[in-house]
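Q:
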Amino acid sequence: MTLEIRSLTGSDLKDALEALADLRISVFRDWPYLYDGSLEYEARYLRRYGETDGAVIVGAYDGGKLVGAATGEPLGDELKDFRAPLEERGYDVSRIFYLAESVLDPHYRGRGIGHRFFDEREAHARRLGYAKAVFCAVIRPDDHPLKPADYRPLDPFWRKRGYQKLDGIQVTFPWKDLGEDGETEKPMQVWFRTL
């Protein structure tokens, strides 16, 4: 297997949005996101990356197929849902880079690709002059009926990369869970790092 990691911006980024939508729908169906997505929703949600200066998709390609991707953009250009909790606490969101979704086909996990996703997005943020980065992770109850018995949270991986939870700072964002009739708000913990 020849796996290639590419940082995509501009027209290359726009060209990858459809494949990213498919990948998000597939990967985010699993725990802990349980996302019941549609291509129509994805097109609306992902459009902002193609319209934002400084946005990046770090893609993992097996041949010509996108098998993993991680996105990012300046936090000041992110959706209000992701900015507001930090703004309310006095953070200057114009000086922070937001690391958004990270999705990887399960067949490619355990090969260091997650580290590359962080390395490439952090390097991109530094090139743009950002010295701080944040991301959000969904919070699910430990006793959730769909939680797999063998689930291992990614907290140790994120801490090893230098990220820490920002105590008391959470984002809420709506999406439709599997088995739900409509969207409901989901709490997400904000993680922070000085680059």
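In the working numbering, the protein residues as written are 15 to 209.
Glycine included, every Cβ here is placed at the ideal spot set by N, Cα and C.
Every value quoted in this text rests on a predicted model; they were computed, and no experiment measured them.
(1) Expressed to the nearest angstrom, what Euclidean distance is found between the alpha-carbon atoms of residue 63 and residue 135?
(2) Quick check on the DSSP output: what are the complete beta strand (DSSP E) runs of length 3 or more inside the region 96 to 179, in order along the chain?
(3) Among 48, 21 and 56, whose alpha-carbon lies nearest the alpha-carbon of residue 200?
(4) Can you tell me which of 26, 39 and 20 puts its alpha carbon nearest to the alpha carbon of residue 190?
(5) Roughly how many angstroms separate the alpha carbons of residue 148 and residue 179, rounded to a whole number?
(6) Given a cut-off of 8 Å on the beta-carbon distance, is the pair residue 33 and residue 22 in contact?
(7) Taking C-beta to C-beta, are residue 187 and residue 95 nearer than 8 Å?
(8) Report the start-end ranges of each beta strand (DSSP E) in the region 50 to 103 that is 3 residues or longer and not cut off at the edges.
(9) Specify the secondary structure class of residue 200 as computed by DSSP and reduced to three states.
(10) So, for residue 75: in the same chain, excluding its five sequence neighbours on each side, which residues have a beta-carbon less than 6 Å away from its beta-carbon?
(11) Out of 154, 172 and 20, which has the shortest C-alpha to C-alpha gap to residue 202?
(12) Between residue 110 and residue 170, what straight-line distance do the alpha-carbon atoms span, to the nearest angstrom?
(13) When burial is assigned at 16 or more other CB atoms within 10 Å of the CB, is residue 58 buried or exposed?
(14) Going straight from the alpha carbon of residue 165 to that of residue 25, what length do you get?
(15) Alpha carbon to alpha carbon, what distance is there between residue 117 and residue 177?
A: Checking against the coordinates, here is how it stands:
(1) Along the sequence shown, read from residue 1 onward, the residue named residue 63 stands at position 49. Along the sequence shown, read from residue 1 onward, the residue named residue 135 stands at position 121. So the alpha carbons of these two residues sit roughly 14 Å apart.
(2) 110 to 118 and 146 to 152
(3) What you label residue 200 is simply residue 186 of the sequence shown in a count that begins at 1. Looking at the Cα atoms, 48 is the closest of the given residues.
(4) In the sequence shown, counting from the first residue as 1, residue 190 sits at position 176. When each option's Cα is compared against that of residue 190, the closest is 39.
(5) The residue you call residue 148 lines up with position 134 of the sequence shown. The residue you call residue 179 lines up with position 165 of the sequence shown. Cα-Cα distance, rounded: 9 Å.
(6) Translated into the one-based positions of the sequence shown, residue 33 becomes position 19. Translated into the one-based positions of the sequence shown, residue 22 becomes position 8. For residue 33 and residue 22, no; Cβs fall outside 8 Å.
(7) Residue 187 sits at position 173 when you count from the first residue of the sequence shown. Residue 95 sits at position 81 when you count from the first residue of the sequence shown. Closer than 8 Å, so yes.
(8) 70 to 76 and 79 to 88
(9) Mapped onto the sequence shown, residue 200 falls at position 186. Residue state, collapsed to three classes: strand.
(10) Residue mapping note: residue 75 aligns to position 61 of the sequence shown, counting from 1. Excluding sequence neighbours, residue 75 sits near 18.
(11) Locating residue 202 in the sequence shown gives position 188, where the first residue counts as 1. When only C-alpha atoms are compared, the closest one is 154.
(12) As a first step, residue 110 is located in the sequence shown; it is residue number 96 there, counting from the start. As a first step, residue 170 is located in the sequence shown; it is residue number 156 there, counting from the start. Straight-line Cα distance between these residues: approximately 23 Å.
(13) The residue labelled residue 58 in the question sits at position 44 within the sequence shown. The residue in question, residue 58, is exposed, as its Cβ has fewer than 16 Cβ neighbours within 10 Å.
(14) In the sequence shown, residue 165 corresponds to position 151, counting from 1. In the sequence shown, residue 25 corresponds to position 11, counting from 1. Cα to Cα, the separation comes out at about 37 Å.
(15) One-based indexing of the sequence shown puts residue 177 at position 163. One-based indexing of the sequence shown puts residue 117 at position 103. Those two C-alpha atoms are separated by around 18 Å.
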